[in-house]
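Peer 1: First the structure, then my questions, so here it is.
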Amino acid sequence: MELLSIAKRRRYIMPMVIILLVVFGFIAYKATTKQSPEYTENVNQVKRTIALGWPIKYLATTEGNQENVLELRKKLSDYYGNQEQELTKQQRFITIALDTKVEQDDLPGIYTKYYADDNVVTVGFNVSGFKFEDVRIKQDKATITGKVEYLIKRRMLSQEYGTFGSNTYEWQLVKTGGKWLIVKETVLSEDKQ
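Every position in the sequence shown, counted from 1, becomes a number in the working numbering once 681 is added.
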């Protein structure tokens, strides 16, 4: 009888051990993958910086905002830092986009594509959405990749038309004085539709 109860216990012990290992493994996994509230807040701040800062340069080049160009150029400094001359580059983009007589060699490729025609006026710009794919934050530095989908409305001669597009970017940000600033913006791919 005692031999029979030992055999029954062994039969139940092994499944119980396996179940306990699975439960403890799941708890350990959750404990190690859970992100701190501070990290989550930094991720949200980084995304917000990009979502609010990136469209400014394009909005500044629309026909209706040309009176506010100086204000919008200054507003870029709320989102872009100049450690790697990114703020200067973005402000220069606004100037180049509004001056269609600038030398073609001075324009980066993506800007030439959209802004180098004397007969075209940008009348509207709307961001359809941001799809952030990879966010890496380490202390006061962040790198994030994502796709921006947008619509640019233009007028050529007297006819308006829209162009849908999407670009994939990599942004590098630095936290300075408690605020995240974009210090480098790189176009990884362009998917004009």
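From the three backbone atoms N, C-alpha and C, an ideal C-beta is built for every residue, glycine too.
So what does DSSP say about Tyr760, is it helix, strand or coil?
Peer 2: Residue numbering aside, residue 760 sits at position 79 when the sequence shown is read from its first letter. Coil, per DSSP.
Peer 1: When DSSP labels each residue in this structure, what does Gln840 get in the three-state scheme?
Peer 2: Taking the sequence shown and counting its residues from 1, one reaches residue 840 at position 159. Looking at Gln840 - three-state DSSP - the assignment turns out to be strand.
Peer 1: Quick one: give me the first and last residue of the beta strand (DSSP E) that Gly810 is part of.
Peer 2: Taking the first residue of the sequence shown as 1, we reach residue 810 at position 129. Taken as a continuous stretch (DSSP letters only), the beta strand (DSSP E) holding Gly810 covers Val801 to Lys819.
Peer 1: How is the alpha helix (DSSP H) around Pro718 delimited, first residue to last?
Peer 2: Taking the sequence shown and counting its residues from 1, the one referred to as residue 718 is at position 37. Note, Pro718: alpha helix (DSSP H), Pro718 to Gly734.
Peer 1: Quick one, which of Lys728, Arg729 and Asn749 has its alpha-carbon nearest Thr738's?
Peer 2: Residue 738 sits at position 57 when you count from the first residue of the sequence shown. The sequence shown places Lys at residue 738, not Thr. Measuring from the Cα of Lys738, the nearest candidate turns out to be Asn749.
Peer 1: Provide the residue span of the alpha helix (DSSP H) that contains Gln772, from first to last.
Peer 2: In the sequence shown, the residue the question calls residue 772 occupies position 91. Start and end: Glu767 to Leu779.
Peer 1: Okay, do the region 722-739 and the region 808-824 touch, 3+ Cβ pairs below 8 Å being the bar?
Peer 2: Because the criterion of three Cβ pairs below 8 Å is met, the region 722-739 and the region 808-824 touch.
Peer 1: Among the candidates Met697, Gly762, Gly858 and Val808, whose CA atom is the shortest distance from the CA of Trp649?
Peer 2: With the chain covering 682 to 874 only, the question about residue 649 has no answer from this structure.
Peer 1: Secondary structure at Gly827, three-state DSSP: helix, strand or coil?
Peer 2: By 1-based counting over the sequence shown, the position of residue 827 is 146. Of the three classes helix, strand and coil, the one that applies to Gly827 here is strand, per DSSP.
Peer 1: For a test of the three-state rule: what should DSSP assign to Gly745, helix, strand or coil?
Peer 2: The sequence position of residue 745 within the sequence shown is 64, counting from 1. Of the three classes helix, strand and coil, the one that applies to Gly745 here is helix, per DSSP.
Peer 1: Whose CA, out of Gln840, Lys819, Leu854 and Phe845, lies closest to the CA of Val829?
Peer 2: Mapped onto the sequence shown, residue 829 falls at position 148. Of Gln840, Lys819, Leu854 and Phe845, the residue nearest in Cα terms is Phe845.
Peer 1: Using only alpha-carbon positions, find the residue among Glu744, Leu740 and Gly745 that is nearest to Leu757.
Peer 2: Translated into the one-based positions of the sequence shown, residue 757 becomes position 76. Nearest of Glu744, Leu740 and Gly745 to Leu757, Cα basis: Leu740.
Peer 1: Which residue's Cα is closest to the Cα of Gly827: Leu702, Glu866 and Leu751?
Peer 2: Translated into the one-based positions of the sequence shown, residue 827 becomes position 146. The candidate whose alpha carbon is nearest that of Gly827 is Glu866.
Peer 1: Give me the Cα-Cα distance between Leu779 and Thr721, rounded to the nearest whole angstrom.
Peer 2: Sequence index remark: in the sequence shown, residue 779 carries index 98 (1-based). Sequence index remark: in the sequence shown, residue 721 carries index 40 (1-based). Going by the C-alpha atoms only, they are around 38 Å apart.
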